[in-house]
Amino acid sequence: MTVPFSVLDRSRTRQGREPGEALRDTVAFAREAEALGYHRFWVSEHHSVPGVAGSAPTVLAAAVAGATSRIRVGTGGVMLPNHRTLVVAEQFGVLESLFPGRIDMGLGRSVGFTDGIRRALGADKDAMGDFGAQLAELAAYFTDGPRPHPQVHARPAEGLRVPMFVLANESGAERAAEAGAALVIGGLKGEDAMLAAIERYRAAFRPSAGWPRPHVMVAGNVAVAETREAARRLLVPEAWSLAYSRTHGVFPPLLAAEEIEELPMTEKERGFYEAGLRGHIHGTQEEVGAALAALVGRTGADEVLVTTSSFDRAALLDSYRRLAALAGPPERPRRVAAPAATAPAPRA
8 MTVPFSVLDR
18 SRTRQGREPG
28 EALRDTVAFA
38 REAEALGYHR
48 FWVSEHHSVP
58 GVAGSAPTVL
68 AAAVAGATSR
78 IRVGTGGVML
88 PNHRTLVVAE
98 QFGVLESLFP
108 GRIDMGLGRS
118 VGFTDGIRRA
128 LGADKDAMGD
138 FGAQLAELAA
148 YFTDGPRPHP
158 QVHARPAEGL
168 RVPMFVLANE
178 SGAERAAEAG
188 AALVIGGLKG
198 EDAMLAAIER
208 YRAAFRPSAG
218 WPRPHVMVAG
228 NVAVAETREA
238 ARRLLVPEAW
248 SLAYSRTHGV
258 FPPLLAAEEI
268 EELPMTEKER
278 GFYEAGLRGH
288 IHGTQEEVGA
298 ALAALVGRTG
308 ADEVLVTTSS
318 FDRAALLDSY
328 RRLAALAGPP
338 ERPRRVAAPA
348 ATAPAPRA
């Protein structure tokens, strides 16, 4: 593979385990990802979701950055309609000041999963319509550019350069292009829609201080195992959680694949479950390598963001190890030799 691999971990909870365990697992996973040579490690934002422990991404990103030393750390993403742009700028300014040159600012436009969550956050569905303006206002806090409150400064963000990424959602590709941000994009409603969105992004891209040229990160679930069937079973827990959320209105903790395969399902549940198993890349290393190379070729992606979650964390980590092997050995920090205490004078 000629492009770097990165990781988004959603801190998925598992049935019968405490949510705090999922957060500690995320930090431990970040250390493993760094050792394996992954380029970035991102965390997500979800509110009042039983199946996800990560509700405060900048706080968790600080813990991840503190536990690692080289890998870039960021959010996938902070949901901007839920927050004041000043506070977001301040949070990322603090992160970049503590971990200079390692922080990514990934942003999304989603609001709460239910009406109750949206009310608690103080952000209704209409808040998503201001996403483009919010991106511009946030960027201005880093540059002291024009904004609604010119007398207010985001300390210590002002003057810092933190790369901005926009998670594509409907018109997200256009918003990313207008903001001069990198584009993070999944399958949307199918590959044709994804390819069209990437084309629109590149055509409309406005160079910025953070990104002088377009940067496309393709995101999705990737599972690698000794056999194709073993890789497919890694995808089963997430597929069932999605099916359950579509039929019960609640996104639950992950169940073990063997439990799910024994569950009685209604026709509707079965339909959502089987749909949840489609559209992902899975198989042996050879199969996954070929599929990823083809995907990068079709999209021209600059990077691949792997978002896989599963109940069996040992098998999941093995999958990430096998995937990392496709990119070659991890990059090691270069050692710079110290100058000699007494160097001989150069001869004329």
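Note that the numbering used here numbers the sequence shown so that position 135 is 142, with each residue one more than the last.
Even glycine gets a Cβ: it sits at the ideal position worked out from N, Cα and C.
Bear in mind the structure is a predicted one, so any value in this text is a computation, not a measurement.
Alpha carbon of residue i to alpha carbon of residue j, nearest angstrom
i, j, result
"LEU105", "VAL95", "16 angstroms"
"VAL101", "ALA68", "11 angstroms"
"ARG320", "ARG38", "14 angstroms"
"ARG342", "SER76", "Low per-residue confidence applies at ARG342: pLDDT is 35, beneath 50, and the placement is therefore not dependable, though the value from the model is reported in the following sentence. If I take the Cα positions, the gap works out to 15 angstroms."
"LEU312", "PHE12", "6 angstroms"
"GLU206", "GLY23", "44 angstroms"
"ALA350", "VAL85", "Low confidence applies here, because ALA350 scores a pLDDT of 37, under 50, leaving its location unreliable and the question unanswered by this model."
"ILE110", "PHE149", "14 angstroms"
"ALA300", "PRO157", "47 angstroms"
"PRO155", "ALA143", "11 angstroms"
"VAL80", "ARG126", "30 angstroms"
"LEU93", "LEU114", "14 angstroms"
"GLY119", "SER18", "18 angstroms"
"ARG295", "ALA322", "Inspection of the sequence shows that residue 295 is occupied by Val rather than by Arg. The straight-line gap from Cα to Cα measures roughly 16 angstroms."
"ARG31", "ALA74", "11 angstroms"
"ILE78", "ARG47", "6 angstroms"
"LEU333", "GLY27", "32 angstroms"
"ASP309", "PRO221", "9 angstroms"
"VAL169", "PRO107", "9 angstroms"
"ARG182", "ALA40", "30 angstroms"
"HIS287", "VAL50", "20 angstroms"
"ALA298", "GLY136", "36 angstroms"
"TRP247", "ARG239", "13 angstroms"
"VAL159", "ARG91", "13 angstroms"
"PHE99", "MET112", "7 angstroms"
"ASP131", "GLY123", "10 angstroms"
"PHE318", "GLU293", "24 angstroms"
"ALA348", "ALA186", "Any answer about ALA348 is weak, because its pLDDT of 36 lies below 50 and its placement is not dependable; what the coordinates show is given next. Roughly 50 angstroms between the two C-alpha positions."
"ALA72", "ALA232", "29 angstroms"
"ALA70", "LEU241", "27 angstroms"
"VAL66", "ALA29", "15 angstroms"
"ALA210", "LEU324", "38 angstroms"
Supposed contact pair residue j and residue i - C-beta distance, whole angstroms, cut 8 angstroms
i, j, result
"VAL225", "ILE192", "6 angstroms"
"GLU103", "LEU167", "5 angstroms"
"SER326", "THR314", "So it is not a contact: roughly 12 angstroms between Cβ atoms."
"THR20", "ALA60", "5 angstroms"
"GLU52", "THR82", "7 angstroms"
"VAL1", "LEU174", "Only positions 8 to 355 of the chain appear in the structure, and residue 1 is not among them; the question remains open."
"ALA250", "GLY283", "6 angstroms"
"MET171", "ALA188", "4 angstroms"
"PRO88", "PHE138", "7 angstroms"
"ALA416", "ARG213", "Since the first and last residues shown for the chain are 8 and 355, residue 416 lies out of range."
"THR358", "ARG235", "Lying outside 8 to 355, the shown extent of the chain, residue 358 is not represented and no answer is given."
Residue from the options whose Cα sits closest to the Cα of residue i
i, options, result
"PRO57", "MET272, LEU262, GLU293, ARG126", "LEU262"
"ALA203", "ASP131, PRO244, GLY307, ARG21", "GLY307"
"ALA140", "LEU128, GLY129, PRO153, ASP131", "PRO153"
"VAL243", "PRO221, ALA211, ALA232, TYR280", "TYR280"
"GLU245", "ARG235, PHE212, ARG285", "ARG285"
"ARG328", "PRO26, ALA42, GLU28, GLU236", "ALA42"
"SER55", "PRO107, GLY44, LEU128, GLN292", "LEU128"
"GLU165", "ARG240, PHE172, ALA146, PRO26", "ALA146"
"GLU97", "SER117, ARG162, PRO88", "ARG162"
"ALA180", "ALA186, VAL159, TYR208, GLY194", "TYR208"
"THR9", "ARG116, PHE318, GLY304", "GLY304"
"GLY194", "VAL66, LEU324, LEU302, LEU330", "LEU302"
"SER178", "HIS160, PHE318, ARG116", "ARG116"
"LEU330", "ALA72, GLY123, GLU25, GLY44", "GLY44"
Start-to-end residues for the beta strand (DSSP E) that takes in residue i
i, result
"MET112", "110–115"
"SER248", "Element bounds for SER248: not the beta strand (DSSP E) but the alpha helix (DSSP H), 235–255."
"VAL56", "Looking at the DSSP string, VAL56 is not in any beta strand (DSSP E), and its letter there is neither H nor E."
"ILE78", "Segment: none, ILE78 is in no beta strand (DSSP E) and carries neither H nor E."
"VAL173", "171–174"
N- and C-terminal bounds of the alpha helix (DSSP H) containing residue i
i, result
"SER317", "It is not in any alpha helix (DSSP H) - SER317 carries neither H nor E in the DSSP assignment."
"PHE279", "274–283"
"GLY304", "292–306"
"VAL94", "92–105"
"PHE149", "138–150"
"VAL225", "Here VAL225 belongs to no alpha helix (DSSP H); instead the beta strand (DSSP E) covers 223–227."
"PHE36", "26–43"
"ASP122", "122–128"
Cutoff 9 angstroms: residue i Cβ touching any chain D Cβ
i, result
"ASP111", "Absent here is chain D; the protein component of the structure consists of one chain."
Using 8 angstroms as the cut-off, can you tell me whether the stretch 267–276 makes contact with the stretch 208–226, which would need three or more C-beta pairs spanning the two stretches below that distance? Too few Cβ pairs lie closer than 8 angstroms, so no.
Please confirm if the stretch 252–260 is in contact with the stretch 225–241, defined as three or more CB-CB distances below 8 angstroms between the two stretches. The stretch 252–260 vs the stretch 225–241: no contact.
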